[in-house]
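Below: one structure, written as structure tokens.
Protein chains in written order, with my numbering: chain A, 17 to 296; chain B, 2 to 112.
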């Protein structure tokens, strides 16, 4: 038939598209000094079943800020962490890059955090894992929990998984931590006797003065908050949430906060990692 | 990021047509401390802002802007530009304390 002569074989079309994608990819890498894998700009990607990212209820200008690597202030920390990545530190005289090569080699690594450490007992957030690497492999002092360096390195590592779905495990040794996290989530605390569950499940979507209550998902942390004018860890956000409801904030790294991080990550399983997210 | 100043980023499209209006985007890591806030001991935190920003293309000054304490930390600034010829676009941030942060990027104009 005549038409058959004009039909392009599927494999050839596929090959052409791959070549085109490769060309576009290499040109963007050359253009930008720091680059993380790009985020989907289709809002449907930020809703998985019942879960949705806070990005969906954010102001459109905030979304644009998050998606644009020049406008996103979190990228300043990524840039800084890239310098730290190559910097030798500690008794062993090693840098992150000596073992892990390019940061991109850690794509996918952050999707499973928090997770139970090799000892089968402690729960490691990504921050803990980076500090463990510093102590054991580099023989360097751990960075303080909410320090600029640790937040920056966490952002660089987690940012490599941008766009990949969160996938933490809550079975096996993690089950104990998960149950504890669930209890922390349900527990009413502070002068106002509020739990995480009250605001982020029962009243989710309702207005809190001018704000809409989100599901409190953690897929974008460390997040640049315009209110902070700073990039901050998830536990910094917990501490802020706690003082907002007139409860005593716990210290960084408290087992309750660790467990809560796991519970939140499980609630957001499937949502794309947005680090560094931008929020009001 | 108060201890990691500078490292400004400046971005323009890869190439622009002559006379085309395009967007220039810039961001600078800077605390933009207003001088009005107090620390935990009730003492004023000294002011430290970027007071002036200048932009030039191919050695010719295009604009000069005075900034004020109300501008947020890590200031992002974008503006529209129209160029008849290419050249080096230079942006300079003048700090209160005399420091100067500078970023440059080539603007390629095609007919």
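The beta carbon of each residue, even a glycine, is placed where N, CA and C say it ideally should be.
Asked: Which residues bound the alpha helix (DSSP H) around residue 259 of chain A?; Found: 250–260
Asked: Suppose you measure from the CA of residue 54 of chain A to the CA of residue 207 of chain A; what does that come to, to the nearest Å?; Found: 42 angstroms
Asked: Under 8 angstroms: do the segment 150–168 of chain A and the segment 96–107 of chain A share three or more Cβ pairs, one atom per stretch?; Found: yes
Asked: List the whole-angstrom C-beta distance separating residue 197 of chain A from residue 74 of chain A, where the pair is believed to meet the contact cut-off of C-beta under 8 angstroms.; Found: The pair is not a contact, with the Cβ atoms about 25 angstroms apart (cut-off 8 angstroms).
Asked: What span of residues does the beta strand (DSSP E) with residue 295 of chain A cover, start to end?; Found: 293–295
Asked: Assuming residue 92 of chain B and residue 11 of chain B make a contact with CB atoms under 8 angstroms, what is their CB distance in whole Å?; Found: 5 angstroms
Asked: DSSP three-state label for residue 137 of chain A, please.; Found: coil
Asked: Report the residue from A:222, A:216, A:284, A:257 whose alpha carbon sits nearest the alpha carbon of residue 186 of chain A.; Found: A:284
Asked: Cα-Cα, which of A:66, A:50, A:76 is closest to residue 57 of chain A?; Found: A:76
Asked: Give the range of the alpha helix (DSSP H) segment to which residue 273 of chain A is assigned.; Found: 271–283
Asked: With a Cβ-Cβ cutoff of 7 angstroms, do residue 74 of chain B and residue 33 of chain B count as a contact?; Found: yes
Asked: Expressed to the nearest angstrom, what Euclidean distance is found between the alpha-carbon atoms of residue 29 of chain B and residue 9 of chain B?; Found: 4 angstroms
Asked: Alpha carbon to alpha carbon, how far is residue 71 of chain B from residue 37 of chain B? Give it in angstroms, no decimals.; Found: 10 angstroms
Asked: Determine the chain B residues that contact residue 92 of chain A at a beta-carbon separation under 9 angstroms, and present them in chain order.; Found: 2, 5, 8, 10, 28, 29, 30, 75
Asked: I want to know whether the segment 92–112 of chain B touches the segment 46–53 of chain B - three or more CB-CB distances under 8 angstroms.; Found: yes
Asked: In three-state DSSP terms, what is residue 121 of chain A?; Found: helix
Asked: List the residues of chain B that residue 245 of chain A touches, going by C-beta distances under 9 angstroms, in chain order.; Found: 32, 33, 73, 74, 75
Asked: Suppose contacts are defined by Cβ-Cβ distances below 7 angstroms. Is residue 13 of chain B in contact with residue 108 of chain B by that definition?; Found: yes
Asked: Mind listing which residues of the segment 80–104 of chain A have their C-beta closer than 7 angstroms to chain B's C-betas, in chain order?; Found: 86, 87, 89, 92, 93, 95, 96
Asked: Residue 146 of chain A and residue 169 of chain A look like a contact to me (Cβ under 8 angstroms); what is the Cβ gap, rounded to whole Å?; Found: 5 angstroms
Asked: Mind checking residue 251 of chain A: buried by the 16 CB within 10 Å criterion, or exposed?; Found: buried
Asked: So residue 171 of chain A is in the alpha helix (DSSP H); what residue range does that whole segment cover?; Found: 164–175
Asked: Taking 8 angstroms as the limit between beta carbons, can you name the residues of its chain near residue 211 of chain A, skipping five residues before and five after?; Found: 201, 202, 203, 204, 205
Asked: Residue 227 of chain A: which of A:234, A:216, A:237 sits nearest, CA to CA?; Found: A:216
Asked: Does the separation of the CB atoms of residue 83 of chain A and residue 184 of chain A fall below 7 angstroms?; Found: no
Asked: Rounded to the nearest angstrom, what separates residue 105 of chain B and residue 58 of chain B at their Cα positions?; Found: 9 angstroms
Asked: Could you pull the start and end residues of the beta strand (DSSP E) that residue 94 of chain B belongs to?; Found: 88–96
Asked: Would you identify the three-state DSSP class for residue 80 of chain B, choosing helix, strand or coil?; Found: strand
Asked: Counting only beta-carbon atoms, is residue 42 of chain A nearer than 7 angstroms to chain B?; Found: Because the pLDDT of residue 42 of chain A is 37, which lies under 50, any placement of that residue in the model is unreliable, and the number read from its coordinates should be weighed accordingly. So no, residue 42 of chain A is outside the interface.
Asked: From residue 136 of chain A to residue 188 of chain A, what does the alpha carbon distance come to, in whole angstroms?; Found: 9 angstroms
Asked: Excluding sequence positions up to five away, which residues of its chain have a Cβ less than 6 angstroms from the Cβ of residue 40 of chain A?; Found: At residue 40 of chain A, the pLDDT of 41 sits below 50, so the modelled position is not reliable and the matter cannot be decided from this model.
Asked: Can you tell which of A:249, A:231, A:218 has its C-alpha closest to the C-alpha of residue 238 of chain A?; Found: A:249
Asked: May I ask you to list the residues that DSSP assigns as paired with residue 243 of chain A?; Found: Answer is none; residue 243 of chain A lacks a bridge partner.
Asked: I'd like the list of long-range same chain contacts for residue 67 of chain A, defined as Cβ closer than 7 angstroms, with 5 residues on each side in sequence excluded.; Found: 231, 233, 283, 284, 286, 287
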